[in-house]
Amino acid sequence: MFGIRNKLKKQTMDKSKRPFLKSKRSFRRRLPPIQSGDRIDYRNMSLISRFISEQGKILSRRVNRLTLKQQRLITIAIKQARILSLLPFLNNEKQFERTESTARTTGLRTRTK
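Residue numbers for the sequence shown follow our numbering, so the first one is 5 and each next one is one higher.
This is the structure we're talking about:
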């Protein structure tokens with residue numbers, strides 16, 4: 005009677021260890037976005053512009069596939085380039101354009117009774 009219980013306990017313990025094993029899936033290794041010879045600097049506009057979205061936002065580390073140190077250096081370089089007017093802070097010119105039909109009138113409105 006005790007032998008069956010011990011046998012069942014061992015089976016359940018073996019099954020509980022299975023989910024922690026890593027699956028052996030193959031994946032394609034991507035090339036790093038910053039090569040070892042690239043210098044992260046605010047003057048290197050060709051490198052910096054790859055890490056900015058169309059709206060002018062800094063892309064996240066997960067999207068960029070950068071290390072933490074590289075992301076920090078890229079962020080600092082982008083901010084320095086913005087301060088020195090090498091990069092725009094915002095890049096949404098179409099959103100703020102107004103046509104004559106949408107422009108507000110400056111005169112006071114009078115009520116009609």
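We treat Cβ as the ideally placed atom computed from N, Cα and C, and that holds for glycine.
| Asked | Found |
| --- | --- |
| R65, enclosing alpha helix (DSSP H) - first and last residue | R65 to N68 |
| C-beta neighbour in chain B for Q59, strict 9 angstroms | Considering every chain present, this structure includes no chain B. It has just one protein chain. |
| Through-space distance from S57 to Q39, alpha-carbon basis | 21 angstroms |
| S89 versus R33: straight-line alpha-carbon distance, rounded | 37 angstroms |
| Which of helix, strand or coil DSSP assigns to I38 | coil |
| DSSP beta-bridge partners of I52 | BP columns for I52 are empty, so no partner. |
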